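The next block holds one structure in the form of C-alpha cells; read it before the comments.
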Amino acid sequence: MDGLADAVQWMFAIYFIVLMTGAVIQMLPNVEQHAVSRFISACCEPYLWVFRRHLPRLRLGRTAVDVSWLAAVVVFLIVEAGVDTTLTQLTAS
11 MDGLADAVQW MFAIYFIVLM TGAVIQMLPN VEQHAVSRFI SACCEPYLWV
61 FRRHLPRLRL GRTAVDVSWL AAVVVFLIVE AGVDTTLTQL TAS
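Residues are numbered in the numbering used here as their position in the sequence shown, beginning at 1, plus a constant of 10.
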C-alpha cells in the first residue's frame, strides 16, 4: 500500500507543476504556438473548465483577470491534502 500512496503523491505533484506551468504560460504572449505549451494547456483545460463555467472573469478596467486559476489551485491543494491524509491513515493501519 505504501507504493500506491507514493505513486498517488507523485501524480498530484506532477499535475500541480503542470497547473502552475499552465498558469505562467497563459500570462505570456505568443507562447501558444509551441507544442509544449499546447500540451500543457490541453492537460489543464479539462480541470479548469469546471471552474470557468461558474466563475466569470473579473473585470478591472479594460482588462479581465481569470480567477478560475486561483480557485482551481485552492481546490486542488485541499483535495491533495485530503487524499494524503486518507492514504497516510490507510498505510498506518
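All residues carry an ideal CB built from backbone N, CA and C; glycine is no exception. None of the values given here were measured: they were computed from a predicted structure.
Check whether residue i and residue j have beta carbons under 9 Å apart
i	j	result
Leu97	Gln19	yes
Asp76	Arg67	yes
Phe61	Val85	yes
Cβ shell of residue i (< 7 Å), same chain only, five flanking positions each side left out
i	result
Val41	Ile35, Ser47
From the options, residue whose alpha carbon lies closest to that of residue i
i	options	result
Ala91	Arg63, Phe22, Leu80, Leu14	Phe22
Met30	Ser51, Gln43, Gly13	Ser51
Ile27	Ala15, Arg63, Leu87	Leu87
Leu80	Tyr57, Ala102, Gly71, Cys53	Tyr57
Thr73	Cys54, Met37, Val83	Met37
Ile24	Gly13, Gly71, Ser103, Cys53	Cys53
Residues that residue i bridges to, as DSSP identifies them
i	result
Arg69	Ala74
Sequence-distant residues of the same chain with beta carbon closer than 8 Å to residue i, five excluded per side
i	result
Val93	Val18, Phe22
Residue i burial status per 10 Å Cβ neighbour count (16 or more: buried)
i	result
Ser78	buried
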